[in-house]
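Visitor: A single structure is presented below for examination.
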Amino acid sequence: MMVGSKSSSEAARLVTPTMLVLWLVLATVPLWITRIGLYPYLGIEILIWSLYAMAFNLVLGTAGLPSFGHGAYFGIGAYAFGLCQFDIVANLWICLVAAALAAGLAGALVALFISHRRGIYYAFMTIAFGQIFWTLAIKSHRITGGEDGLLKIKRLPANFGLVSFDLTDNVAFYYFVLAAFAVGVAALWRLVHSPYGRVVAAIRQSETRAAHLGYNVWLYKASIFALSAAVSGFAGGLFAMAQLAAFPDVMSLHQSGYVVMMTLVGGGLVSFWGPVIGVFLFLTARDVIGALTNAWMLYFGLLFIAIVLFRPEGIAGAISAALQQHSLNALRQRGTSAMRLLVGGGR
Amino acid sequence: MSMLEAAGVHVRFGDRVVLESVDLAVADGEFHGVMGPNGAGKTTFFNVLTGRVKPSRGKVRLGGEDVTGLSPHRIAAKGIARSFQIMTLFDEFSARDNVMMGLPEFRARGLDFVHAVAGDRRFAEQASEALAAVGLVEKGDVRAKDLSYGDRRALEIAVALAQAPRVLCLDEPTSGLGSDGVQRLAALIARLKGKLTIVAIEHDMEFLFSLADRISVIHWGQVVARGTPHELQRNDWVRRSNLGKFA
Ligand SMILES: Nc1ncnc2c1ncn2[C@@H]1O[C@H](COP(=O)(O)OP(=O)(O)OP(=O)(O)O)[C@@H](O)[C@H]1O
Ligand SMILES: [Mg+2]
Chain A
11 MMVGSKSSSE
21 AARLVTPTML
31 VLWLVLATVP
41 LWITRIGLYP
51 YLGIEILIWS
61 LYAMAFNLVL
71 GTAGLPSFGH
81 GAYFGIGAYA
91 FGLCQFDIVA
101 NLWICLVAAA
111 LAAGLAGALV
121 ALFISHRRGI
131 YYAFMTIAFG
141 QIFWTLAIKS
151 HRITGGEDGL
161 LKIKRLPANF
171 GLVSFDLTDN
181 VAFYYFVLAA
191 FAVGVAALWR
201 LVHSPYGRVV
211 AAIRQSETRA
221 AHLGYNVWLY
231 KASIFALSAA
241 VSGFAGGLFA
251 MAQLAAFPDV
261 MSLHQSGYVV
271 MMTLVGGGLV
281 SFWGPVIGVF
291 LFLTARDVIG
301 ALTNAWMLYF
311 GLLFIAIVLF
321 RPEGIAGAIS
331 AALQQHSLNA
341 LRQRGTSAMR
351 LLVGGGR
Chain B
16 MSMLEAAGVH
26 VRFGDRVVLE
36 SVDLAVADGE
46 FHGVMGPNGA
56 GKTTFFNVLT
66 GRVKPSRGKV
76 RLGGEDVTGL
86 SPHRIAAKGI
96 ARSFQIMTLF
106 DEFSARDNVM
116 MGLPEFRARG
126 LDFVHAVAGD
136 RRFAEQASEA
146 LAAVGLVEKG
156 DVRAKDLSYG
166 DRRALEIAVA
176 LAQAPRVLCL
186 DEPTSGLGSD
196 GVQRLAALIA
206 RLKGKLTIVA
216 IEHDMEFLFS
226 LADRISVIHW
236 GQVVARGTPH
246 ELQRNDWVRR
256 SNLGKFA
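Just so you know, the sequences run in chain order A and B.
Going by the working numbering, the first sequence opens with residue 11, and the numbers climb by one from there.
Going by the working numbering, the second sequence opens with residue 16, and the numbers climb by one from there.
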């Protein structure tokens with residue numbers, strides 16, 4: 011969303027140089043991750059949560075709408091993936107589509123009720139709906155397994171007709187998730203740089219103006235929410251495969267808060283890549299600092315507070331200011347005004 | 016037939032009546048000025064014309080079609096564009112991108128999430144044309160937020176012009192402009208005159224009296240005087256209230 015010729019040519023691309031470099035680096039992860047005392051499963055988690063956080067950031071960063079109950083859609087995707095393979099058909103592709111569809115429908119339903127709002131009212135309503143879905147997941151013991159979770163979900167083979175890949179091994183599954191992540195990132199990149207994405211970003215800045223230019227603001231706000239929920243659900247389906255189960259806790263308010271923290275710390279308000287950076291930091295901090303002290307969340311929480319108060323451009327903002335010589339001040343201003351729009355309700 | 020017509024528009028906020036009964040008929044290609052004291056309800060009247068406020072009584076017609084109470088985006092799509100008294104721009108977007116959002120071609124593609132905006136040169140080209148009309152073409156890449164006050168005012172109008180509207184409603188376009196800015200704006204309006212139907216709320220009498228075909232004075236919730244600038248200068252009410260002193 012930067013101004014200037016170089017970045018506008020990037021915006022026109024389906025795959026950018028940054029993406030290629032990132033994917034290549036990520037492809038090497040299984041080769042060395044055990045050597046630094048970590049394990050491929052962490053890589054899987056980071057990729058899945060990154061996709062989820064980027065989907066979430068469509069609502070938070072692009073549309074400027076504070077959704078604090080997004081875990082619901084991630085969780086619904088996970089359950090839908092499991093239930094699809096148990097009750098409908100044990101096909102990977104169909105079950106992943108089911109995950110996205112179920113979460114997208116839930117998101118669309120919620121969007122019907124909240125899309126005339128923004129700011130703090132919007133936030134409260136997303137929390138309320140998130141809590142409803144979370145409660146339903148816990149109480150519908152016969153369908154979801156309640157607090158015990160929906161167990162014995164299988165990593166279905168990735169069948170491409172001629173070849174079929176078994177994904178039970180974590181390294182194989184890592185590469186599958188990386189492929190899904192790559193496709194997801196390219197799709198989201200295109201989405202935010204499409205006319206639709208521009209309109210949504212315009213609505214973030216001024217609903218009033220957008221409406222008087224002829225855009226149906228409600229429709230855009232509702233559809234971006236449903237879309238974000240669908241992609242979150244897709245990530246949730248992958249998460250069910252990763253965990254071999256689906257649990258209600260990802261739908262809880264506090265886990266919904268994680269994705270907000272990850273996205274804001276990473277710099278989702280000013281950068282496409284912010285959510286990925288935030289997820290990477292959060293999950294590695296959990297494993298690395300978490301191995302040393304139980305209080306790792308305390309440190310991350312402090313970091314979060316510091317960012318919200320003083321560095322709304324997040325880590326991505328600092329990095330892009332250093333690399334591309336964008337003025338840090340301009341990014342900080344953007345972060346600050348985005349933060350204000352989130353809580354203040356906009357124009 | 017009038018291009019834009021309002022009949023008996025009545026607006027109440029709670030138990031406060033802001034517009035009692037306002038009538039207005041603007042011919043195709045006319046430049047119609049609206050004046051009146053602060054708080055007279057001029058902006059509220061624009062809000063009715065553009066769908067922001069639903070009148071409790073009365074009708075608004077565009078080219079003969081009843082558009083009363085339609086939502087803002089519907090009315091905009093039918094061809095009424097507006098600028099805002101309190102500037103309302105997409106601050107993070109460049110000037111060019113602000114204007115681009117106004118293009119009807121862009122709006123028609125608004126739900127397209129498959130193609131990249133930057134992949135379509137026509138958007139940028141058309142946006143540059145609209146910027147050129149207000150003298151902002153070299154500042155196309157500057158963020159709206161970083162533009163000077165005068166340039167932001169000009170951008171307000173460029174965005175509305177980009178909509179290729181049938182009727183353009185300008186809410187105090189000269190407000191806060193220096194004499195240079197006012198002159199540039201007057202030149203722009205002079206170029207548009209006759210090609211576009213324009214309704215402009217203005218406090219700058221010199222500006223209005225030199226450009227408008229007709230002027231309506233809104234006070235106490237209704238039109239208390241109306242006529243050509245020449246007629247209005249003779250109008251008792253206008254003379255007494257000193258509104259015509261510049262002309
Ligand atoms: N949404 C609203 N709710 C309540 N009162 C309103 C609303 N909008 C406007 N008003 C009131 O209606 C009156 C007319 O306001 P309006 O903005 O239309 O005046 P105006 O003629 O444009 O004045 P100015 O020359 O200062 O711009 C004011 O007293 C204002 O406070
Ligand atoms: Mg006003």
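Glycine is no exception: its CB is placed at the ideal position from the N, C-alpha and C atoms.
Would you say residue 86/B and residue 27/B are within 8 Å of each other, going by their C-beta atoms?
Guide: With a cutoff of 8 Å on beta-carbon distance, residue 86/B and residue 27/B are scored as not near each other.
Visitor: If you measure between the beta carbons of residue 41/B and residue 189/B, is that distance less than 8 Å?
Guide: no
Visitor: Measuring only the C-alpha atoms, how far is residue 65/B from residue 180/B?
Guide: 12 Å
Visitor: Can you tell me whether residue 264/A is buried or exposed, with buried defined as 16 or more other CB within 10 angstroms of its CB?
Guide: exposed
Visitor: Taking residue 131/A as the reference, which of 268/A, 75/A, 164/A has the closest Cα?
Guide: 75/A
Visitor: Considering just the uninterrupted stretch of the alpha helix (DSSP H) at residue 81/A, what are its terminal residues?
Guide: Run containing residue 81/A: 81-93, per the alpha helix (DSSP H) assignment.
Visitor: On the criterion of 16 or more Cβ atoms from any shown chain inside 10 Å, does residue 18/B qualify as buried, or is it exposed?
Guide: buried
Visitor: Listing by chain order, which chain A residues have their CB less than 8 Å from the CB of residue 107/B?
Guide: 11, 211, 215, 344, 347
Visitor: What does the alpha-carbon distance come out to for the pair residue 352/A and residue 129/A?
Guide: 5 Å
Visitor: State the CB to CB distance for the pair residue 183/B and residue 175/B, rounded to an integer number of angstroms; the pair is presumed to be in contact (CB under 8 Å).
Guide: 6 Å
Visitor: How many angstroms separate the CA atom of residue 88/B from the CA atom of residue 98/A?
Guide: 43 Å
Visitor: What are the uninterrupted segments assigned as alpha helix (DSSP H) that are 4 or more residues long and contained completely in the stretch 93-160 of chain A, given in chain order?
Guide: 102-124, 129-149, 151-154
Visitor: Starting from residue 185/B, trace the beta strand (DSSP E) both ways and give me its first and last residue.
Guide: 182-186
Visitor: Out of curiosity, what's the CA-to-CA distance linking residue 59/B and residue 221/A?
Guide: 17 Å
Visitor: Can you find a C-beta in chain A that's less than 8 Å from the C-beta of residue 21/B?
Guide: no
Visitor: So what's residue 134/B in DSSP terms, helix, strand or just coil?
Guide: helix
Visitor: State yes or no: is the C-beta of residue 69/B nearer than 7 Å to some heavy atom of ligand 1?
Guide: no
Visitor: So, do the stretch 55-69 of chain A and the stretch 228-242 of chain A have three or more beta carbon pairs nearer to each other than 8 Å?
Guide: The count of Cβ pairs closer than 8 Å, one atom from the stretch 55-69 of chain A and one from the stretch 228-242 of chain A, reaches three, so the stretches are in contact.
Visitor: Here's the rule I'm using: 16 or more other beta-carbon atoms within 10 Å means buried, otherwise exposed. How should residue 344/A be labelled?
Guide: Taking all protein chains in view, the Cβ of residue 344/A is crowded by 16 or more other Cβ atoms within 10 Å, so the residue is classified as buried.
Visitor: Here's the rule I'm using: 16 or more other beta-carbon atoms within 10 Å means buried, otherwise exposed. How should residue 120/A be labelled?
Guide: buried
Visitor: In three-state DSSP terms, what is residue 257/A?
Guide: coil
Visitor: Going by beta-carbon coordinates alone, are residue 54/B and residue 24/B separated by less than 8 Å?
Guide: no
Visitor: Mind pulling the chain B residues with CB within less than 7 Å of residue 125/A?
Guide: Correct list: empty, because the minimum Cβ distance to chain B is about 14 Å.
Visitor: By how many angstroms is the C-alpha of residue 166/A removed from the C-alpha of residue 261/A?
Guide: 24 Å
Visitor: Within this structure, are the beta carbons of residue 56/A and residue 252/A separated by less than 8 Å?
Guide: For residue 56/A and residue 252/A, no; Cβs fall outside 8 Å.
Visitor: Tell me which residues of the stretch 128-144 of chain A have at least one Cβ-Cβ distance to chain B shorter than 7 Å, keeping chain order.
Guide: none
Visitor: For residue 103/B, count neighbouring Cβ atoms within 10 angstroms of its own Cβ and tell me buried if that reaches 16, exposed if not.
Guide: Sixteen is the threshold: when 16 or more other Cβ atoms of the shown chains lie within 10 Å of the Cβ of residue 103/B, as they do, the residue is buried.
Visitor: Below 8 Å on the Cβ atoms is my contact criterion, and I expect residue 150/B with residue 169/B to pass it. Report the Cβ-Cβ distance as a whole number of Å.
Guide: 7 Å
Visitor: Taking buried to mean at least 16 other C-beta atoms within 10 Å of its own C-beta, is residue 151/A buried or exposed?
Guide: exposed
Visitor: In terms of residue numbering, what span does the alpha helix (DSSP H) encompassing residue 319/A cover?
Guide: 306-320
Visitor: Going along the chain, which residues put their C-beta within less than 7 Å of some heavy atom in ligand 2?
Guide: 57/B, 58/B, 100/B, 186/B, 187/B, 216/B
Visitor: If we ignore side chains and look at the alpha-carbon of each, how far apart do residue 140/A and residue 215/A end up?
Guide: 26 Å
Visitor: Distance check for residue 297/A and residue 172/A, CA to CA, integer angstroms please.
Guide: 39 Å
Visitor: Measure from the alpha carbon of residue 158/B to the alpha carbon of each residue in 131/B, 114/B, 201/B, then state which is nearest.
Guide: 114/B
Visitor: Using a Cβ-Cβ distance cut-off of 8 Å, determine whether residue 227/A contacts chain B.
Guide: yes
Visitor: At a CB distance below 9 Å, what residues from the stretch 166-186 of chain B approach chain A? Give them in sequence order.
Guide: 174, 175, 177, 178
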